[in-house]
Each structure stands twice: as C-alpha cells, then as structure tokens.
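Its first residue numbered 755, the sequence shown is counted upward by one per residue in this note's numbering.
All C-beta atoms in this analysis are idealised placements derived from N, C-alpha and C, irrespective of residue type, glycine included.
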Amino acid sequence: MPEMPPATGSAQGIRWDLRALFLSYNDPQIASCLDHCRKRAEGFARFRNALAVPGGPSPKTLVEALQELERIEETLSRVASYSSLLYAADSLKAEHQDLEQKIEQRVTDIRNLLLFFELEWLELDESTAVNLVQQPVLKPYRHYLTSLRRFRPHRLSEAEERLVNEKDNTGRNAFGRLFSEITSALTFTLERDGRREELNLSQILSLLHEPERELRRRAMDTLYHELSRHGQVMAFIYDNLIQDHLTMDRLRHYPGPMTQRHLSNEIDPTTVNTMMEITETNYRIAQEYFGVKARLLRLPRLALYDQYAPVAKESGTFSYDRARQMILEAFAAFSPVFSDLAAEFFTRKWIDAEIRKGKNGGAFCASPSPQLHPYILCNYTDNLRDVMTVAHELGHGVHGCLSRKQTFLNYDTPLTIAETASVFGEMLVFDYLAERQTEAQIQIALLASKIEDIFATVFRQNVLTRFEQSAFSARKKTRLTPDHLGSLWLEANGKLYRDAVEIPDNYRWGWSYIPHFIHTRFYCYSYVFGQLLVLSLYRMYRETGKSFVPTYLALLEAGGSDSPEALLKPLDVDIHDAQFWQKGFDELDGLVKRFNDLVNKG
Ligand SMILES: [Zn+2]
C-alpha cells in the first residue's frame, strides 16, 4: 500500500487521551472489568422470576433490579466505549480489531444474562405495569419502563433473543466491520501540482470545496471511480444488511422497515411523513439557490462538483487554535455554561482532530455514560466547514455533559433531539462570525456555507431517507445489484437537483460510502428533524433573548428522561403541526433571500 504523504494542517498532534478509561489495548484492567461485570450479571439471576409473580413485583424489588442493571451497564459501556474509540482512532491496527471483536463477544455474553429481566417486564399484564410505574419510588424509571413496553409486540423469546445476539456478531455486525475496514483503508490517488498524492476519504471529499474548478472535477471523478472499484462488495454488504433487516422485521412482526426506528425515536410515522413531505415541497429553495450560485460563479448551470465551490474570496483558513477561540467565544455569548464545558474538551484532551491513515473519516461525539465524559473525533483540515464540524460535535459534547445529571437508563437522548445541541452550536458560531464580518464578499461566503450546510442536513438527509426507503422496497422483490442501487440513488437525488444541477453518471456510486445506511438504518431523518427544530428554536432565542437560555439548558439536562414530545413541551413546540416544520423552511428561505440580495448588490 502506498505511503500517505506526511499529514499537514494545524490539528497535527491533536489526539485524544483515553487513559481515563484504560491505559492501552492490553491493559489487564479491561479483562478484570469484564470479569467483574460477568460476576454481577450472574448474580443478577436473583431477580429471575421476581417480576412474574401474581400481582407483579414490589416497587422496591423493581427499583433494586433497575439500579443493579444500571451499575452493570455503566461498567460495560466503559469497556465497550474504550474499544470502539480505539478502533475508530485506528481501525487498521490488528490489536484494535482483535480487541473490538473480543469485547463485542464478551459484552453480548454478559448482556444475554440480563436479557430475561426486560422480557419479564414486557410479559407483565398492562394494568399491573401501569400501576407499578405510577408508584413514586419508580418515578425516575417511569419513562424508561413505559417506553420499553412499546416493543412488547415485537420481542422474541429469551432463547431466540440470545441466539439473535450471538449470531449478529458474525452476521450483521461483521458486515458493519467489513464496511468500516474497507472505507477506512480507501486510498484515492490524485495528481496535484505535478505531485502524485494519496488521499483518504475525508481528504478527497474536502477537495470538493476547493476554488479551482478543474481540481474539484478531478477530485469527484477520482472519488467515484475509486468507489466503483469496491462497488460489488459494497452492494453485497448493503443488500445483505437490508435482507437481514427485512427478515428480522418479519420475525418480530414489524409492519414496515422504519417501524423499529420510529419506536426507538418515540415518534409516530405520521409526523415523520408530514415532515418529509413538507421538506420535498421545499426542494425549490435549493433549486433557487443553485441558480443564484451559478450566476455568481458565472456558469450557465452548476455541475455537481460545483455544489460546494467557494462563492467568494475565500473566508481564509482557520487554524485549529483559532477555531477553538471562536467557538468558545460564540458559546460564551450564549451562556458561560456552554463555553466552560466546551473548554474542557480542549484542555483535557477529549478531542482527536488530526488526520491519520486508518482513522475513521467524518466526525462523531461519543457520550458513553453519565459517569464518563464524552469524546470527540474529527478530521480537521483548516477550513470553515471544519470549524462548524467542531462546533457541531462540541454541541453534542456539551449536551452529553449536561445530561450527566441523569442516571444511565435516562442518559441517552432520543435521536430526533440528539442533533439539537449540535446544530444549535453551529448556529451560534455562524452568527458570531456573521456579526463580525463587514465585507460583503465574506458575508456572502459565510451565508453560502451556512445555507449549504443546512441543505446538507435537511435536503440531503431527506434524499438519503427516500433512497433507503426505495432500496428496502426494491429488496422485497429482488436482490440489489450495484446497478439497481445506483439507479435508485440517482432517482432520489434527481428530485432535489432537478435541472438546477448537472449530475455526472458516476454519481451513481454516491450511496456506497454512507455509514448510516450500514450502521444505523433510517437514522437520517433525525437530522432533518433536528435541523428544522433548531431553526425554529434559534428564531425563538433571537426573539426572546436571554430568557430562552434556562429553558433550553433544562432540555439538554433532561437527556433521555422523557419522550421528545414531552421534552419539547416547555419550549412550546408541537411536532404534529405541519406549520411547525414549514416555519423552519421559512427561516431557510430568509437566509437564501439574504444571500440573493447580497449577490445582486455586489
Ligand atoms: Zn451530530
């Protein structure tokens, strides 16, 4: 394999310090932690048949069991998070692959010992269950217990659930690992300034934002050409995962492929449909914008590789240090609670920002449990977009810190709200920058990057979800080939781009590197939800000022202790109302108008 050029960029050397978790992949503490968990999990058997007694268990027994469950899960999440963070930081290292696999097996083995508890809870008759969760001592677990019961019609027997868990490690989880290993190892060869460069996925994607048109064209061409070489394997992986999903839907009696996701998101399908349809009626905003952008770039029409072209004199490069300073100042203007928490991520080395071979592309924030702080991974390449990515992940990070007030079972935020703090964080940084720029050119550049970013989180994610839906319904009829997937992909994208953007034929490989399709199916509509929600919340903040801050902080502190609907109630948000979603698009429309006005003036 050709060597990567020495990595450059201001984030060089910025690596996270995982020693608060374990010292290294062969730290003996890992094994003793797992042994300890295993022992406690065996001891947990004392609660077997404790729920299935006439009249149900005593509230005290139930609380005891839940607290023990939380303690075991806390410890497990420390081990599992450590191994997945190591793996994300360098998935090519054999030791990391081994550890990840070993941990996966042991965690499954331990969780299998705990399984009976959930199943016994689901077996309780409705009136006993309802009566129990009303008991004051169970108040902290009311939402958890109630929401578990939504899965009641879909659970299998204990023996079957165990079997599924064990087989998944060499089944769908293994396909997921294969996908990660292939995409982390992807190398794109590009001739640039007379030099041959070997780039990874993040690096080649970032070239689509370069000012030179020919470079963007070649980067996109190289990207899809290289992806096409792995197309057969990627299609095979995706086809299998869809079939696996459909099989499980049948065995678990889910009426549709999205049902399970809706249930865990605690959202009804009608709300999601409304949101997605309204998003489609607003695709015209994107088409309008692409028209203005083409004029600005003096092109008759945008080609796909012009989509992210800088529109004005570059807003410059942003060193990692400068990004930190801007983000912290922007967060501080909103609330010192935000900036103080975010500052810790930098000072205490909770961020891995440099570009390295073998490191996962993209960015994420992992919030393992209330006992641990979150960690952030990103690939920082010194541009404005990366500043926004760091702001995004720090939003997650602050959210993850604030909800540490919750216990383990109430910690994880439902997906639909999980993107709130992150997107809000980006808005804060955008406003901070926009206020400080007086030059029209830079204003245009900033607005364009904000608008394109919102397009990427709203329109693109809607397209991704439509593509997934079409792939799932096609798979019910026939096995999916690369060709078929490519056509479905082009079709879903065609509705967004219409005639406003010229689409190259090799864009048919655009589906093949998207991790959500593999690891978290039907995740993407949560981004649409989160972005539109934030556009509305941000408007509220602008209108009401500081009085908004405490209600908003309370939302983040609440973690996953209630349903999205209930959590959003204090903010006066009604997600069932079509008008609510349209309001988000009105905000976006306003941004595009502002952009258009600036362009016409210039
Ligand atoms: Zn996010």
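Measuring CB to CB, does S1315 end up less than 8 Å from Q1160? Counting from one through the sequence shown, the residue named residue 1315 turns up at place 561. Counting from one through the sequence shown, the residue named residue 1160 turns up at place 406. Yes, the pair counts as a contact, with Cβ atoms nearer than the cut-off.
Buried or exposed: where does A1332 fall if 16 or more other Cβ atoms within 10 Å of its Cβ makes it buried? The residue you call residue 1332 lines up with position 578 of the sequence shown. By the 10 Å Cβ count, A1332 comes out exposed.
Considering Cα atoms alone, identify which of E1256, G1264, P1258 and Q1215 is closest to L1239. For this step, residue 1239 is matched to residue 485 along the sequence shown. The shortest Cα separation from L1239 among E1256, G1264, P1258 and Q1215 belongs to G1264.
Can you tell me which residues form a DSSP beta bridge with L1131? As a first step, residue 1131 is located in the sequence shown; it is residue number 377 there, counting from the start. Note: L1131 sits in a beta bridge opposite D1106 and F1118.
Rounded to whole angstroms, what is the Cα-Cα separation between F1118 and C1132? Your numbering for residue 1118 matches position 364 in the sequence shown. Your numbering for residue 1132 matches position 378 in the sequence shown. Their backbone Cα atoms lie some 7 Å apart in a straight line.
What's the gap between the Cα of S1360 and the Cα of P1318? A query on residue 1360 cannot be resolved here, the shown segment of the chain reaching from 755 to 1356 and no further.
Distance, E880 Cα to K856 Cα: Numbered from its first residue, the sequence shown carries residue 856 at position 102. Numbered from its first residue, the sequence shown carries residue 880 at position 126. Approximately 39 Å, taken between the alpha carbons.
What number of angstroms, rounded off, separates the C-alpha of R896 from the C-alpha of Q889? Reading the sequence shown from its first residue, position 142 is the one you call residue 896. Reading the sequence shown from its first residue, position 135 is the one you call residue 889. About 9 Å.
Buried or exposed for T1211, please, with buried defined as at least 16 other CB atoms from any protein chain shown within 10 angstroms of its CB. The sequence position of residue 1211 within the sequence shown is 457, counting from 1. The residue is buried, with at least 16 neighbouring Cβ atoms inside 10 Å.
Taking only heavy atoms of ligand 1 into account, decide whether any of them is closer than 7 Å to the Cβ of E1173. Mapped onto the sequence shown, residue 1173 falls at position 419. Yes; taking the cut-off as 7 Å, the Cβ of E1173 has a heavy atom of ligand 1 nearer than that.
Which of the three DSSP states is assigned to G767 in this structure? Position 13 of the sequence shown, counting from 1, holds the residue named residue 767. Here G767 sits in coil by DSSP.
For A843, three-class secondary structure by DSSP: Residue numbering aside, residue 843 sits at position 89 when the sequence shown is read from its first letter. If DSSP states are grouped into helix, strand and coil, A843 belongs with the helices.
Counting beta carbon pairs with one atom in the region 830–838 and one in the region 769–782, are three or more of them shorter than 8 Å? yes
Going straight from the alpha carbon of F1221 to that of G1248, what length do you get? What you label residue 1221 is simply residue 467 of the sequence shown in a count that begins at 1. What you label residue 1248 is simply residue 494 of the sequence shown in a count that begins at 1. C-alpha separation (whole angstroms): 11 Å.
Outcome for N1027 when other beta-carbon atoms lying within 10 angstroms are tallied against a minimum of 16: Your numbering for residue 1027 matches position 273 in the sequence shown. Exposed is the call here.
Compare the C-beta of F1276 with all C-beta atoms of chain D and state if any pair is closer than 8 Å. The structure shown contains no chain D, having only a single protein chain.
Whole-angstrom C-beta distance between R903 and L869, which should lie under 8 Å: For the purposes of this step, residue 869 is identified with residue 115 of the sequence shown, where counting begins at 1. For the purposes of this step, residue 903 is identified with residue 149 of the sequence shown, where counting begins at 1. Going by Cβ atoms, the distance from L869 to R903 rounds to 16 Å, so no, they are not a contact pair.
When you compare the CB positions of L1250 and V1217, do they come within less than 8 Å of one another, or not? Stepping through the sequence shown from its first residue, residue 1250 is reached at position 496. Stepping through the sequence shown from its first residue, residue 1217 is reached at position 463. It is a contact, given that the beta carbons lie within the stated cut-off.
Out of curiosity, what's the CA-to-CA distance linking R1110 and G1151? Locating residue 1110 in the sequence shown gives position 356, counting from the first residue. Locating residue 1151 in the sequence shown gives position 397, counting from the first residue. Looking at the two C-alpha atoms, the distance is approximately 22 Å.
With 16 other Cβ atoms within 10 Å as the buried cut-off, status of L1005: Numbered from 1 along the sequence shown, position 251 holds the residue referred to as residue 1005. By the neighbour-count rule (16 or more Cβ atoms within 10 Å), L1005 is not buried but exposed.
N1036 to L1352, Cα distance in whole Å? For the purposes of this step, residue 1036 is taken as residue 282 along the sequence shown, with counting starting at 1. For the purposes of this step, residue 1352 is taken as residue 598 along the sequence shown, with counting starting at 1. Between N1036 and L1352, the C-alpha separation is close to 22 Å.
In whole angstroms, what is the alpha-carbon distance linking F1184 and M1142? Looking up residue 1184 in the sequence shown gives position 430. Looking up residue 1142 in the sequence shown gives position 388. Approximately 8 Å, taken between the alpha carbons.
Smallest Cα separation from R794: which of I826, I1039 and E872? Your numbering for residue 794 matches position 40 in the sequence shown. The candidate whose alpha carbon is nearest that of R794 is I826.
Given W1243, which residues of its chain have a CB within under 7 Å of its CB, disregarding the five upstream and five downstream residues? Start at 1 with the first residue of the sequence shown, and residue 1243 comes out as number 489. So the list reads F1221, R1262, G1264 and W1265, once near-sequence residues are dropped.
Any 3 or more C-beta pairs closer than 8 Å across the region 1096–1115 and the region 950–969: yes
Just to confirm my understanding: we take L1201, look at its own chain, exclude 5 residues before and 5 after, and list those with CB closer than 8 Å. What are they? Here residue 1201 corresponds to residue number 447 of the sequence shown, with the count starting at 1. These residues qualify, in order along the chain: A1188, L1345, R1348, F1349 and L1352.
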